[in-house]
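**Student:** Before we start, here is the structure in question, set down as structure tokens.
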């Protein structure tokens, strides 16, 4: 399976805020099987956005270059067995 072209982030750790290095991304809520419908979020001119499903606050940080802080909030789809 190929890597997502749009970054995917989750909040399984339950943190109050996730800093992300992308203004356009998908929020999946928690790790599967506890994820919510995958929501496309576009911050536009803003530097923060709240997921309408899980209320996670995402804050843009250009220094992360597509990653996240905390780093474990980046979702990587597993390869099929």
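Residue numbers (UniProt numbering): 1 to 81. Backbone N, C-alpha and C fix where the C-beta goes; we use that ideal spot for every residue, glycine too.
(1) Could you work out which residue in 31, 44, 38 is closest to residue 23 when comparing CA atoms only?
(2) For the pair the segment 62-71 and the segment 28-35, tell me if three or more CB-CB distances fall below 8 angstroms.
(3) Helix, strand or coil for residue 46? Go by DSSP, reduced to three states.
(4) What number of angstroms, rounded off, separates the C-alpha of residue 37 from the C-alpha of residue 8?
(5) In this structure, does DSSP put residue 27 in helix, strand or coil?
(6) Measure the Cβ-Cβ separation of residue 75 and residue 20 and say whether it is below 8 angstroms.
(7) Could you check which residue in 26, 52, 15 has the C-alpha nearest to that of residue 66?
**Tutor:** Answer, in terms of the structure:
(1) Considering only alpha carbons, the answer is 44.
(2) Below 8 angstroms, too few C-beta pairs join the segment 62-71 and the segment 28-35 to call them touching: fewer than three.
(3) DSSP places residue 46 in coil when its eight states are reduced to three.
(4) Near 12 angstroms, if we compare the C-alpha coordinates of residue 8 and residue 37.
(5) Reduced to three states, the DSSP call for residue 27 is strand.
(6) No, Cβ-Cβ distance for residue 75 and residue 20 is not below 8 angstroms.
(7) Looking at 26, 52, 15, the one whose alpha-carbon comes closest to that of residue 66 is 26.
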